[in-house]
Amino acid sequence: MSTSLHLRSAAPRAALLSISFVLLATPGASQQAGGPIARYAMDAGTMSGMAAMAGGGGMGGAMSMMMGGGNQPIHELVLRLGSTQAASGSPAAEHYMPAGARLGASVPLVTPKVTPSDEPALPGEKPKGRLLIYWGCGATAGPNQPVVIDFAKVARGQFPPGLYMTGAAIPQEWQVRFTNSKTYGEWPNGQTRKTLSGNSSLIGDHRIAGNYAPEIKFALNQDFMPPITGRASPAAGGATQLSWNAVPNATGYYAWVFAAKQGGDMVWWASSASQAFGGPVWDWLSPAAVRKLIGDKIVMPPSQTSCTVPSQVVQSGGEMLMGSLYAYGPEANFAYPPRPADPKIAWKPEWIARVRYRSNTMWMLNGPDMGSMMSQGDDSADASGDNPPPKKKKCKGGLGGMLAGAMGAGC
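To convert a position in the sequence shown, counted from 1, into our numbering, add 182.
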């Protein structure tokens, strides 16, 4: 079985597409003039609570939680290799791991194949419902909240005043994508059944070799970040107090809450002090980007370990509210040949590599708290490496796909 990139049909999704353009401020990719032959991106994550279920715990994790066994934190890796060269034959590349990763000798970096989508076009039905947007930590919502987005009005081109926000203006960071590479490979993919366990480690030597890029070698002394644990407790006036542990090496935190009610209404809250949603804050972020976002009061500083969800969010969201918390982490960069100390000397590396870290948890505000969802753990979390990975779907356009990706739906 091969990994595929589906070409979606241009079905009418006017309302959702318009909203996604408004709320997302994801920086686009750009080619580096005179840049390296190969770029390698390695994103390492720790997932706990319901995020661990979405990331691979599945029904087993859900049953464990229901029986009081908690949910083991798990680890995730997203590997991407992009090259300016064509492959000598069929594209092939491997990432050779240290033994502590418990993934065997290597994992394959598979080049996706572009295939037509077999998904039927959506009918041109009129969108219904509203999205109520709140932001900021505090017992009550700030002024001019919520911003109400009526999907039917958006479909007719009517947007609320002041909805267009510049969002998070952070320095653009290089990306490795299928669309900006001559040849590209990724893991996870459909050709391997290997998965990481909660006991997997990244410490040690890493080597990436293939037939379309120079060999890449680097050593890591930074392991996966520890899991986030915490509580969601009722507060005075109907608000909810979020609190969590100070995660070692965390550079900043970002939280959001989402709820969907019968009748089509949805509620969305973010911990940022300004109206900034989606985009880069759902990704791995460099320490430099996090510092910028802390200065803009979009990301909470690493010293902060609590945030109050306003009472209006809880009242508008109903009984089922899902929350998520990100702890952004350090970054390691490598290149060959290394950058000369003298800035006057021209530098053209053969390859560059970047390793980013984060920790993430998800929970139900009116369900088990973040701490009780995680067992203290024995070795049961140690996977053999033969479990099938969660099937990753390509996110649809618009708000629906955006929210699915944010909530760990496997996009």
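Glycine included, C-beta positions come from ideal geometry on N, C-alpha and C.
Quick caveat: nothing in here was measured; it's all calculated off a predicted structure.
Exercise for the section: Return yes when the Cβ of LEU261 is within less than 8 Å of the Cβ of MET224, no when it is not. Expected result: yes
Practice task
Indicate the three-state DSSP secondary structure (helix, strand or coil) for ARG473 in the structure shown.
Solution key: helix
Handout entry: Within 8 Å, strictly: CB atoms of VAL439 and MET504
Key = yes
Handout entry: Within 8 Å, strictly: CB atoms of ALA268 and LYS376
Key = no
Practice task
Excluding the 5 residues preceding and the 5 following ILE398 in the sequence, name in chain order all residues of the same chain whose CB lies nearer than 6 Å to its CB.
Solution key: TYR222, ILE390, TRP533 and ALA535
Practice task
With distances taken Cα to Cα, identify the nearest neighbour of TRP176 among LEU285, PHE516, PRO492 and MET235.
Solution key: There is no way to answer for residue 176, as the model of the chain reaches only from 183 to 593.
Problem - C-beta atoms of ASN403 and VAL292 nearer than 8 Å - result: no
Handout entry: 3 or more residues per run - each beta strand (DSSP E) lying fully within the segment 257–303
Key = 275–278, 288–290 and 295–298
Problem - Buried or exposed (CB count within 10 angstroms, at least 16 for buried), PRO255 - result: buried
Handout entry: N-terminal and C-terminal residue of the beta strand (DSSP E) that GLY227 is part of
Key = 220–231
Handout entry: Whole-number beta carbon distance between LEU424 and SER607, since they are thought to touch under 8 Å
Key = Here the chain comprises residues numbered 183 to 593, so residue 607 is not present and cannot be evaluated.
Problem - Within 8 Å, strictly: CB atoms of VAL496 and ALA421 - result: yes
Handout entry: Coil, strand or helix - TRP529 by DSSP
Key = coil
Practice task
Within the segment 480–531, note down every full alpha helix (DSSP H) run reaching 4 residues or more, in order along the chain.
Solution key: 493–499
Practice task
Output yes or no for whether 8 Å exceeds the beta carbon distance between LEU259 and ALA220.
Solution key: no
Problem - Helix, strand or coil at ALA441 [DSSP, three-state] - result: strand
Practice task
Just the C-alpha distance for GLU355 and GLY419, rounded to the nearest angstrom, thanks.
Solution key: 42 Å
Problem - the segment 276–285 touching the segment 378–387, judged by at least three CB pairs closer than 8 Å - result: yes
Handout entry: Assumed close pair THR433, PRO408 - CB separation to whole angstroms, cut-off 8 Å
Key = Contact flag wrong, Cβ pair sits at about 14 Å.
Problem - Sub-8 Å separation of ILE410 and ASN393 beta-carbons - result: no
Exercise for the section: Identify whether THR322 lies in helix, strand or coil by the three-state DSSP scheme. Expected result: coil
Handout entry: Backbone CA spacing between GLU513 and PRO273 [nearest angstrom]
Key = 29 Å
Handout entry: Pick from LEU378, PHE360, ILE331 and PHE333 that is closest to ALA234, judged by C-alpha positions
Key = LEU378
Practice task
Use the C-beta contact count for THR490: other C-beta atoms within 10 angstroms, 16 or more gives buried, fewer gives exposed.
Solution key: buried
Problem - Contacts around ILE480, its chain only, beta-carbon distance under 8 Å, and the 5 residues preceding and following it disregarded - result: ALA350, TYR436, SER454, ALA455, SER456, ALA458 and VAL463
Problem - Exposure of PRO416, with buried meaning 16 or more beta-carbon neighbours within 10 Å - result: exposed
Exercise for the section: Answer yes or no: the CB of GLN327 versus the heavy atoms of the ligand GDP, is any distance below 7 Å? Expected result: In the structure on display, the ligand GDP does not appear, and there are no ligands present to speak of.
Practice task
Check whether the Cβ of GLY231 lies closer than 8 Å to any Cβ atom in chain B.
Solution key: No chain B is present in this structure, which holds just one protein chain.
Exercise for the section: Check whether the Cβ atoms of TRP317 and ALA452 lie closer than 8 Å to each other. Expected result: yes
Exercise for the section: Flag this pair as yes or no: are the beta carbons of GLY217 and HIS257 separated by less than 8 Å? Expected result: no
Problem - Cut-off 6 Å between Cβ atoms - residues of its own chain near GLN558, not counting five sequence neighbours on either side - result: Here the model assigns GLN558 a pLDDT of 41, short of 50, so the residue's position is not dependable and the matter cannot be decided.
Problem - Neighbourhood of TRP369 by C-beta distance below 6 Å, restricted to the same chain and skipping five residues each side - result: LEU261, VAL289 and LEU291
Problem - Inter-residue spacing [alpha-carbon to alpha-carbon] between LEU475 and MET482 - result: 8 Å
Practice task
Please list, in chain order, all residues of the same chain as TYR518 whose beta carbon is under 7 Å from its beta carbon, the five residues on each side excluded.
Solution key: PRO531, GLU532 and TRP533
Handout entry: Separation of ALA337 from LEU313, as counted between CA atoms
Key = 13 Å
Exercise for the section: Take ILE315 as the anchor and find which of TRP529, GLN494 and PRO520 has the nearest alpha-carbon. Expected result: GLN494
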